[in-house]
Amino acid sequence: MSDKNTLLASMQEKLQNKDGRRMWRSLEEVADTEEFKQWVEDEFPNRLDLLNMDRRKFLKVGGAGLALAGLTGCRIMPQVKAVPYVRSPEDLVNGIALAYASTLSCRGYGVGVLVEQYEGRPIKIEGNPRHPASLGATDVFEQAELLQMYDPARSQNVVHNGEIAGWDEFATALRQRRGKFSGGALRILTGTVTSPTLTAQINRLIAKYPGTVWHAYEPVNRDGAALAAQTVFGRPVNTVYNLENARVIVSLDCDIFKTLPGNVAYARQWANGRRVRGVNNSEMNRMYVIESSTTTTGASADHRFPVKPSEIETIARAIYSGADAKAQPVTWLAQMIADMEANRGAVVVIPGEHCSPAVHAYAMAINETLGAVGKTVTYTEPVETSPAVHGESLQNLVTAMNNKRVDTLVILGGNPVFDAPADLLFADALKNVPNSVNFNLYENETSELASWHVPATHALETWGDARAFDGTVSLVQPLIAPLYAGNKSDTELLAELLDQPKLGYDILRDTYAPLVQPSVDPKAVAARGVNGAEEGNLERSWQQALINGVLPDSKAAPISVTVNAAAVAALPAPVANAGIELNFRPDPHLWDGRYANNSWLLELPRPVTTVTWDNVAVVSPATAKKIGAVAPYGDSEAEAAARISGKAVVALTTAQMPDALKKAMRDASGKQNVEGVSIPVWILPGHPNDVVTVSLGFGRTRCGEVGDDVGVNVYPLRTSDSMNYATGVQGNRVKWNATGDMFNVVGDATNGNSVDFQGDYRVAAAQSQHLMRGVDIAEQEDRDIVRHASLAEYREKSGRIGPEGHHGGGGTTEGHGESTGEHGAEAGHGAAGSHSAEGAGGGSEGASHGGAAAQENAGELPLDPGNDIVADKGLPIPGLQGRGNWLYKDRDPATRTITNPEGNESLYPEFSK
């Protein structure tokens, strides 16, 4: 440690005294602290924690894993109850697993899978090569569905007002209320729906009971895209990207590889564009990522620019102006626009799903201006059949409930009591509904307040269908009979509402006949019906569709739309925000909280931070001081130690947070008097300044023994007006004790006063586990964690990267890109990365070796993006083909820019002098 006795000061000193690019995995490692030495020299870290784990906790976490153990690797099967086959497989050979095609719904959109079945039990999920959304690969959500199905915490019984009941009792009560369904008294609340069968049932329900209203709400929705399409095109559309045709990809705060419908397919397309096919003919796509948090997409970018959430719209507007009128905005933006102009017809701009309607509108206009439509961007009829603007739909439902106009509310699969905007007070509104039904895989927070809870079957236990991101229809078929006899599918529940009870198989067959025809026009399908279909051909088509998992020729046809330039020009200028902003993002593994009881996903390290079993407030080092998580330099040893990520806890409030909610939090805390949501801080170099990023989905209180009370619920900070980000963020340092109670800190860390930091939280992270103790990082010579080079260097050295004889071959990257070695980002499994002093969270050195990639000799860090860039592609800009800071060449670093409005020489002063 340096004489300042601070972690960051120690790291700064080492960074200043070394030349060339240096890699590191964590703040502790680069500072080489005594704590870190003790950690890596211990063969079994935290052995005391293992010994102190109580039996109940061990069995709680291991329950589902033990249940699966007999199904996979063990040849001596334990004695268990026999689970019947759905039907006897014709080709069953004892000891040989069979694979069946099916479909899993990922946030409403279908993803084709092949499910391996062993003696009647599904044991492995892989992607279906014939399905456009998977192309033979999956992401973590599809893999986790296996444990979801076997989870012993799943709901197994119908519950009425807290008491166990039966399906017959529920059906009888439903029949008795049918006379009250008309006139808008019956409401259906779903998430995103693309299923043709479910859509047809809901439409029949609306026709049977006039006035019935279909509402939709997902806490992570696509409202911005829906509203923008209405403004720009005058009609709803579905947007499909083709990254294989793109030479330049621009992401406007979009985690392309994680959050988009079709993310796995897009990852494959992008990876195909990164492949170097020979030294002489080597060409790669180039990706610019402008983002307000650290993502796997940013970690894979060639050029990454971290900005505040409020600045995304400003930058989108500037790109549109530059692409349309040849305007010259800030230097780096002008250079990026020049690159886009030089690749007309082979460029694509992709806005984040959470972004404002204006950002989506500008992206649509830019894509049309640069000739992307029909080449890298295609518009089709909407795939989602549920109401497109979820926020407005939920607000209308809450208003109706508060006015007592709702007699029966059926909630299919959601959990609005937990994840609805805080200002809507959904739980209070639900109390005004005489008859509410919560249909879910688990008993959850909404089930506690609903009149009825109906347990759902899992997708691997039921029949159904879904559309993919491009409209392709695929079938859902069961791999096992329902593990719990009383559980029903959503289609079976709606059939009961229609007073037409049927099994899921029969309901699907009723829908299938028109769908198997070539046309996907709903009017043509409805007019044609099934009477003319020849039964033998229909049955053969049905069997073939089940085998392939995909209906032929069901992809949505492209449509022609034109941007309303006047509407785009009339968009109001964005309002600048000078304060700290709170960035809401779905957790990469729990998403919005629906996977909160899945121990596999809780244990899986988060990309970039590698945090497990917790959510954290991710901040830059400078922002950590602003919100009171750390004290200024030169203070006490205790304050210096508090800067290590995952220990300090802050209580956050926002300007949009209702006063009533703040008061409720104060009342709930009692004598501790803590206002706001308290969450541990994680310091991440490269994260945008003046931004606090938090993950949704944690802090559940009713999901199962594994996930209950894990992490912090940040939904109380999220309101209808701040679904993407909140402003006016205030942070106060608090103490955390063993019982989980929060206490205000005595003193003010931001003013350098004495502070007692005992009782800090400890966050688990996988980044430093089981490291072998080598030499000090400052003394490492050519022991690269990741091989990196520009494309020009690759050509010059005939494909040989790095010192000869070390690490073998492979590992070629373009600047900051994806490795073509063994750890490349392909088919949804790429881009992990760890901390990067350059700001890309590992992306500056490629997406490979998911936990490495950071640069020691960082110098000046983004938001000045120049230090993050090398001219590896030889851009068509005169005088800027040389290696180095091509976007910032000959530029005064104190120049005012969009992302540096005050003209600061460095926005990360703690890492540069």
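Count along the sequence shown from 1, add 20, and you get the number used in this note's numbering. Cβ atoms here follow ideal geometry from the backbone N, Cα and C, with glycine treated the same way. The structure presented is a predicted model; accordingly, all values stated were derived computationally and were not measured.
Would you decide whether residue i is buried or exposed? Buried here means 16 or more other CB atoms lie within 10 Å of its CB.
{"i": "tyrosine 504", "result": "exposed"}
{"i": "proline 230", "result": "exposed"}
{"i": "glutamate 935", "result": "With the chain covering 21 to 933 only, the question about residue 935 has no answer from this structure."}
{"i": "arginine 75", "result": "Low confidence applies here, because arginine 75 scores a pLDDT of 48, under 50, leaving its location unreliable; read the following figure in that light. With fewer than 16 Cβ atoms within 10 Å of its Cβ, arginine 75 is classed as exposed."}
{"i": "valine 669", "result": "buried"}
{"i": "aspartate 573", "result": "exposed"}
{"i": "aspartate 741", "result": "exposed"}
{"i": "threonine 168", "result": "It should be noted that the sequence gives glutamine, not threonine, for residue 168. Looking at its Cβ environment, which holds 16 or more other Cβ atoms inside 10 Å, glutamine 168 is buried."}
{"i": "alanine 589", "result": "exposed"}
{"i": "alanine 236", "result": "buried"}
{"i": "proline 402", "result": "buried"}
{"i": "aspartate 679", "result": "exposed"}
{"i": "glycine 115", "result": "exposed"}
{"i": "alanine 596", "result": "exposed"}
{"i": "glutamate 816", "result": "exposed"}
{"i": "alanine 586", "result": "exposed"}
{"i": "valine 309", "result": "buried"}
{"i": "glutamate 165", "result": "buried"}
{"i": "leucine 68", "result": "Any answer about leucine 68 is weak, because its pLDDT of 48 lies below 50 and its placement is not dependable; what the coordinates show is given next. Leucine 68 should be labelled exposed."}
{"i": "aspartate 273", "result": "buried"}
Taking the alpha-carbon positions, what's the residue i to residue j distance?
{"i": "valine 570", "j": "proline 592", "result": "44 angstroms"}
{"i": "asparagine 458", "j": "asparagine 744", "result": "27 angstroms"}
{"i": "proline 641", "j": "aspartate 710", "result": "10 angstroms"}
{"i": "serine 376", "j": "threonine 259", "result": "16 angstroms"}
{"i": "isoleucine 222", "j": "alanine 193", "result": "20 angstroms"}
{"i": "alanine 246", "j": "valine 257", "result": "8 angstroms"}
{"i": "threonine 674", "j": "tyrosine 735", "result": "12 angstroms"}
{"i": "isoleucine 527", "j": "proline 498", "result": "14 angstroms"}
{"i": "serine 330", "j": "leucine 514", "result": "42 angstroms"}
{"i": "glycine 696", "j": "glycine 717", "result": "17 angstroms"}
{"i": "leucine 461", "j": "leucine 218", "result": "17 angstroms"}
{"i": "aspartate 796", "j": "leucine 624", "result": "Low local confidence applies: a pLDDT of 49 at aspartate 796 is under 50, so the model's placement there is unreliable, and no value is given."}
{"i": "glutamine 750", "j": "leucine 672", "result": "6 angstroms"}
{"i": "proline 608", "j": "lysine 200", "result": "42 angstroms"}
{"i": "asparagine 373", "j": "arginine 306", "result": "It should be pointed out that residue 373 corresponds to glutamate in this sequence rather than to asparagine. Each residue's alpha carbon lies about 21 angstroms from the other."}
{"i": "serine 698", "j": "valine 783", "result": "14 angstroms"}
{"i": "threonine 630", "j": "valine 113", "result": "42 angstroms"}
{"i": "aspartate 729", "j": "proline 239", "result": "20 angstroms"}
{"i": "isoleucine 431", "j": "leucine 209", "result": "5 angstroms"}
{"i": "serine 715", "j": "alanine 173", "result": "24 angstroms"}
{"i": "threonine 713", "j": "proline 606", "result": "10 angstroms"}
{"i": "leucine 480", "j": "threonine 428", "result": "29 angstroms"}
Would you please verify whether the beta carbon of residue i is less than 8 angstroms from any beta carbon of chain B?
{"i": "proline 736", "result": "Among the protein chains of the structure shown there is no chain B, as only one such chain exists."}
Looking at the strands, I want to know which residues DSSP matches up with residue i.
{"i": "lysine 508", "result": "Ala476"}
{"i": "cysteine 126", "result": "Tyr129"}
{"i": "proline 627", "result": "DSSP lists no partner for proline 627."}
{"i": "serine 698", "result": "Ala671"}
{"i": "glycine 751", "result": "Leu672"}
{"i": "histidine 609", "result": "Answer is none; histidine 609 lacks a bridge partner."}
{"i": "glycine 484", "result": "Val496"}
{"i": "methionine 307", "result": "Ile269"}
{"i": "isoleucine 370", "result": "Ser271"}
{"i": "alanine 785", "result": "Val631"}
{"i": "glutamate 183", "result": "His180"}
Fully enclosed by the segment 192-279, which alpha helix (DSSP H) runs are 4 residues long or longer? 216-228 and 243-252
So, does the segment 627-635 touch the segment 178-190, judging by three or more C-beta pairs under 8 angstroms? no
Is it the case that the segment 579-589 contacts the segment 160-175, given that we only count it when at least three CB pairs across the two stretches are under 8 angstroms? no
On the three-pair Cβ rule with 8 angstroms, is the segment 350-369 touching the segment 268-285? yes
Could you tell me whether the segment 406-413 touches the segment 378-390, where touching means 3 or more Cβ pairs closer than 8 angstroms? no
Is the segment 468-480 touching the segment 197-214, taking contact as three or more C-beta pairs under 8 angstroms? no
Complete runs of the alpha helix (DSSP H) confined to the segment 128-179 [at least 4 residues]: 160-170
Answer yes if the segment 386-400 comes into contact with the segment 281-296, meaning at least three C-beta pairs across the two stretches below 8 angstroms, and no otherwise. no
To test your reading of the DSSP string, which unbroken beta strand (DSSP E) runs of 3 or more residues are found completely within the segment 395-420? 397-400
Touch test, the segment 706-722 against the segment 307-317, Cβ-Cβ under 8 angstroms, three pairs minimum: yes
Do three or more CB pairs link the segment 477-488 to the segment 119-132 at distances below 8 angstroms? yes
Would you be able to state if there are at least three C-beta pairs under 8 angstroms between the segment 277-286 and the segment 137-154? yes
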